[in-house]
Amino acid sequence: MKKLNEDNIRERVLTEGEFEQLLEFLSSPLREMTLIAFYLGMRQREIIQLSWDQVDLNRNIIRISGENTKTGFKRRIPIHPIVRSMLNHLPRGLHTNRIFLSRGEPVQNFSGNYKRQWDKAVIMAGLGDFTFHDLRHCAINNLRLAGNDHFTIMTISGHRTNSVFKRYNVVTDEELQDVKWKSDTYQGGRIGGQQPRKIRETG
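For the sequence shown, counting from 1, position 1 maps to 6 in the numbering used here; every step adds exactly one.
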C-alpha cells in the first residue's frame, strides 16, 4: 500500500461564512447535495444514490447498506437539523425513490453540468482549489469541534482505522490560539518570572 505523504494531507476546511457564500452560487439539486456533504460527511456517491427508504425521519437517522458504502460496511448517520429541514421540503419523485432528481429523473453522477457549476461556484466564492470531497473533511472536523467522542465520529464517517480518520481532522489556527497551557513551576517560583540571582561580592 502506498504511504500517504503527510505534507500532501489537505488541511482545508470552511468557516460558516465561507460555506454560506459557496451556497449562494449553487442551485438545486447540487445545493442540497452540498448541504448533506458539509453537515453529514457523506461521500459523493452515497449522496447521489441516497433514497427515501434510507432516511428515517422518526429516529432522525440515515441508514446506508454496505452495498452503497466505499468500505462495504453499513453505516448510520444522524441527521443535522438543517439537513432535516431541507429533506422535509424536497419534492418526491413520481416514479423513483431516489432523493436527488433533475427534471424528475435521478441524478446519475457529478460530471457535466454539476462539475462545471461546482467549479464556477468555488471560483466565485474565492475558495481556491476547494473540492466537493473537502466538505467531508469539514463535517468530520465540525463534529470533533462540537465535542463528540472519537468513536462516535468514526461510526458516522465510516472510517475503520485511526490512521485514515486522523487525515480528516484539521487543527485550525483559531484552535492553536486558544490552546491551554500547563502552569509550570520550579521550586515555588514561576520559571519565566524568576528574578535574576544577585551575585555575591567578594573582597
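Ideal Cβ positions, reconstructed from N, Cα and C, are used throughout, including at glycine.
Excluding five sequence neighbours on each side, which residues of the same chain lie with their C-beta closer than 7 angstroms to the C-beta of F43? F24, L140, C143, A144
Thinking C-beta only, is L19 closer than 8 angstroms to Q122? no
Report the three-state DSSP secondary structure of V60 (helix, strand or coil). strand
Between H100, D61, S162, which has its C-alpha nearest N146's C-alpha? S162
Output yes or no for whether 8 angstroms exceeds the beta carbon distance between M47 and F105. no
Distance, Cα to Cα, R108 vs L99? 11 angstroms
When the Cα atoms are used, what is the spatial distance from G131 to V112? 27 angstroms
Locate the alpha helix (DSSP H) running through P86, then write down its first and last residues. 86-93
Report the option in E51, R80, K125 whose CA atom is closest to the CA atom of N114. E51
By the DSSP assignment, the alpha helix (DSSP H) with I69 in it spans what residues? Not the alpha helix (DSSP H): I69 falls in the beta strand (DSSP E), residues 66-69.
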